[in-house]
Every structure is written in structure tokens, then in C-alpha cells.
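Worksheet: one structure, shown below.
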Amino acid sequence: MDYSEKLKNLPTQFFANLVGKVNKAIEDGRDVINLGQGNPDQPTPKHIVQALQKAVEDPDTHKYSPFRGLLELKEAVCDFYKKEYDVDVDPAHEVAILFGTKAGLIELPMCLLNPGDLMLLPDPGYPDYLSGVVLAGVEYDLFPLKAENHFLPDYNAISSDVLDSAKLLYLNYPNNPTGAVANLGFFNQTVKLAKKHEITVMHDFAYGAIGFDGKKPVSFLQVDGAKDIGVEMYTLSKTYNMAGWRVGFAVGNPTIIEAINLIQDHLYVSLFPAVQKAAIAALSGDQTCVKELVARYESRRNAFVDACKQIGWDVTAPKGSFFAWLPVPDGFTSQSFTDYLLDAADVAVAPGNGFGKYGEGFIRVGLLMDEARLVEAVQRIGNLGVFKNK
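Pasting the structure below:
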């Protein structure tokens, strides 16, 4: 028995190799500070856990829920978007409940594209976007995200032939891995481009709650005409520390939402109703826990960036997400610096080249550890002498 060509062609799981190296070092008894992961380190807020516990005790949640999710959850999504972004969403036609947004990101090309169609992806970008490319049998082009353009795409640098051929465009702000943010002016430019070239837009809003310096990230759907050509995907993983719960949603264009619902009719039955009840509690409840979480990440960011500057590391503070995107010192590649930090300082980071060609020359650090540990990691790196202390 042999694997299908689709399985054979799937990209290698980038993080699996990194996790293997880190785990081996830990098994050897080394005190590794792991900054390479993207898994929130705080527990899910108590009121959400309690909502799940209560729902689990209700026998009605032990049955199938409607294939396309509880209406109450869709209504909670709509109320959330109105309250947070002043965006009106129709619960009946403009919301799809997702089994985590990773599932939605990978499903979407299969919903909208035919084999050989072209989609556009950011470089650097979330590696699992490529899984959807392979499973849908489509082609892709990459557009670079460069520091000189604040890690936003330069649409003028994409040829008109590529734009005319493209059917689907993926964006992600606040951005993984760069920590960059987008504004409404950029999203307005995106909508105009998409309409001109008949491109569908998917905005991955995974870090939508996490913005710094008093600036809240903006939703793609806040721009006039965005729902004409696109959808936004939002996960509860980062906003509410619910990564293991696997619940998210897509909102926006009703035709695209129907396509997502249709493919999920065939892939799944329904998300566990008790998890949906907990998601309602998260979206509808007091959002103080979110404000506290963002403040925690901002405090960590500040401590980390200050420590980097003290050792002479010229870094730019991220404006959103819980990642920092840092240049490697002269004489190193992304991978060689990552390996050196693990071998010589017991500090694990993610090499930038794992996120794409234009990630070369950078590493990604997760701000998913207390401030003292983050500062200790930087001090260990400083002791290696690779940066000239100012």
C-alpha cells in the first residue's frame, strides 16, 4: 500500500523538526528557554472553563448539534463584531463556525479554486497556508513582505499578469511572523485591487485582539466593499487562550461562507456543542480578561526589546501579535543562528527561513514566557558576544 500523491506532496511540517531538536535538548537535562513556539502560555479564563463544565453536564450537548453550528454562537459572533469593530454581520448567511481556523485556511482553496488556479500568499507567512495549496491542487505565487514597506505587500510590485490570473489572496495582520499591523488605508487599497482583478481575499485575523501602544488592530471588514470580495477568519485560540479547544469562525461574503459550510457538511458533523457554548461565553462575556492579556504581552514585549537593546541588538518592537521578528547578526543565516543559540545558549527560537524566502536573515521569538525568563534568554545571547554592546 502506498500513500496518495497529495500526501506525498504535502510540505514538511516546519515546526516538527524544531520541536524535535528542542525536546532532545530538554531530555538531555539542559535548561532550555523555548521561545520558538506559538502556543499561548496562560490558562483559559475561568468563566469560559466554567461555561464548558456547565454545558458538559447538560445531556443535550452530548448529541449532534446542527451541522453548521449553533445559531446562538453565530449570533454571539455577530454581536462581537458589532461591538468590537462596528461591523454588521448576518448570522444566517455570513458566519461559518470553524474547527479551528487552521481548518478553514486549508479548506478555502478547495472551496473556491480548481486545479491549476492561482492563489497569492505572503512571504514570510504562516507555513500551513501551503497545505491548502497542495490539497486543492492549485498553483501559488508569493509576494514579499519587506521591512522597508513595514511588512505590507507592495501591490505595485506584482505584475498585472499575475494579478489578472490570481483567484485568491491571503493576508494576515497582525502578522505572524513579523508582528506587523495593517491600517484601514491598506485594506481599502486591497479591496480596490481585488475588485479590479476579480480576486477573492481571505484575511487571517488570528491575532486580532493583540495590538500595542494603545492601538487596537482593525478588521478587514471595516472597509466598505470588503464583504463583496472576501472573508475574515478569527480564532478564539489567541484572544482567549483557547488554542487546544479548536474553535474559530469565518465571517463575510455569503457566497464564500456557504462554500465553507458546504465542504464542512461533508468533512464533519458538528463541533462539540459544549465547546460552542463555551465560545459563546467567551465572545459575549466580560472582555477584561482580553485587556489584561494584551497588557501582559505588551509588558513582555517591552522587557524583551529593552533587554535586546542593552546587548546591542538592533531590533524593532512588534506592533501586534505575540511574536518578535529579529534580525540575525552578521555572519549567520537564520538556520545557523537558530542552531547556535540552542547549542551554545540553550535558547530555542524559530528560524525565519521556515516562513519563506524573505524570512531569511531573521528569527521569530514568541513572547510566551514571563518577563524574567525572556530577559534571561537575551542575557544568555548577549554572553555569546555576537552583538556589539553599545
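In full-length UniProt numbering, the protein residues as written are 1 to 390.
By construction, the Cβ of each residue, glycine as well, lies at the ideal position given by its N, Cα and C atoms.
1) Does the beta-carbon of N176 have 16 or more other beta-carbons within 10 angstroms, so that it is buried, or is it exposed?
2) Apart from the five residues on each side of it in sequence, which residues of its chain come closer than 6 Å, Cβ to Cβ, to L163?
3) What's the call for K357, buried or exposed, on a 16-neighbour Cβ count within 10 Å?
4) Counting Cβ pairs closer than 8 Å, one from the stretch 292-303 and one from the stretch 144-161, do we hit at least three?
5) Is the stretch 241-251 touching the stretch 38-50, taking contact as three or more C-beta pairs under 8 Å?
6) In three-state terms, what does DSSP make of F143?
7) How big is the Cα-Cα spacing for V305 and A348?
8) If I measure Cβ to Cβ from A226 and keep anything under 6 Å in the same chain, skipping five residues before and after, which residues do I get?
9) Kindly give me the distance between the Cβ atoms of K319 and A180, rounded to whole angstroms, as I take these residues to be in contact under 8 Å.
10) Comparing alpha-carbon positions, which option in D330, D370, M369, C308 lies nearest I381?
11) Helix, strand or coil for D224? Go by DSSP, reduced to three states.
12) Run through the stretch 300-361 for me and flag every whole alpha helix (DSSP H) of 4 or more residues, listed as ranges in chain order.
13) Mapping the DSSP letters down to three states, classify A166 as helix, strand or coil.
14) Just checking my contact of V134 with G116 at CB under 8 Å: how many whole Å lie between their CB atoms?
15) Is G385 near the ligand FAD, in the sense that its beta carbon is under 8 Å from a heavy atom of that ligand?
16) Could you check which residue in G185, P127, A147 has the C-alpha nearest to that of Y170?
17) Going by CA-CA distance only, name the one from I199, A92, E148, K146 that's closest to L118.
18) Which whole-angstrom value is the C-beta distance of P124 and G352, which I expect to be below 8 Å?
19) Grab me the residues of A282's own chain with a C-beta within less than 6 Å of its C-beta, minus the 5 sequence neighbours each way, in chain order.
20) So is V269 buried or exposed if we call it buried at 16+ other beta carbons inside 10 Å?
21) Return the CA-CA distance between P109 and F99, expressed in angstroms with no decimal places.
22) Three-state secondary structure (DSSP) at E5?
23) Buried or exposed: where does E94 fall if 16 or more other Cβ atoms within 10 Å of its Cβ makes it buried?
24) Assuming contact is defined by CB atoms lying nearer than 9 Å, are K74 and F249 in contact in what I supplied?
25) Determine the extent of the alpha helix (DSSP H) in which D204 is found, giving its start and end residues.
26) Out of curiosity, what's the CA-to-CA distance linking R68 and A194?
27) Compute the distance between the beta-carbons of A55 and P273, then report whether it is under 9 Å.
28) Could you tell me if Q264 is buried or exposed, where buried requires 16 or more neighbouring beta carbons within 10 angstroms of its beta carbon?
29) Could you please give the first and the last residue of the uninterrupted alpha helix (DSSP H) stretch that includes F99?
30) What residue range is occupied by the uninterrupted alpha helix (DSSP H) comprising G248?
31) Can you name, in chain order, every residue of its own chain whose Cβ lies under 7 Å from the Cβ of I158, other than the five neighbours on each side?
32) At the level of alpha carbons, what is the spacing between Q189 and V87?
33) Could you give the residue range of the alpha helix (DSSP H) that holds G20?
34) Can you find the residues in the same chain that come closer than 7 Å, C-beta to C-beta, to S334, ignoring five residues on each side of it along the sequence?
So, from the data block:
1) buried
2) H197
3) exposed
4) no
5) yes
6) strand
7) 17 Å
8) V191, F220
9) 6 Å
10) C308
11) coil
12) 334-345
13) strand
14) With 8 Å as the limit, V134 and G116 do not qualify as a contact, their Cβ atoms being about 13 Å apart.
15) In the structure on display, the ligand FAD does not appear, and there are no ligands present to speak of.
16) P127
17) I199
18) 6 Å
19) I48, L236, Y240
20) exposed
21) 16 Å
22) helix
23) buried
24) yes
25) It is not in any alpha helix (DSSP H) - D204 instead sits in the beta strand (DSSP E) that spans 200-204.
26) 28 Å
27) yes
28) buried
29) No alpha helix (DSSP H) contains F99, which DSSP labels as neither H nor E.
30) First-last for G248: 248-252, but that is the beta strand (DSSP E), not the alpha helix (DSSP H).
31) F143
32) 19 Å
33) 14-27
34) V328, P351, G352, N353, G359, E360, G361, F362, I363
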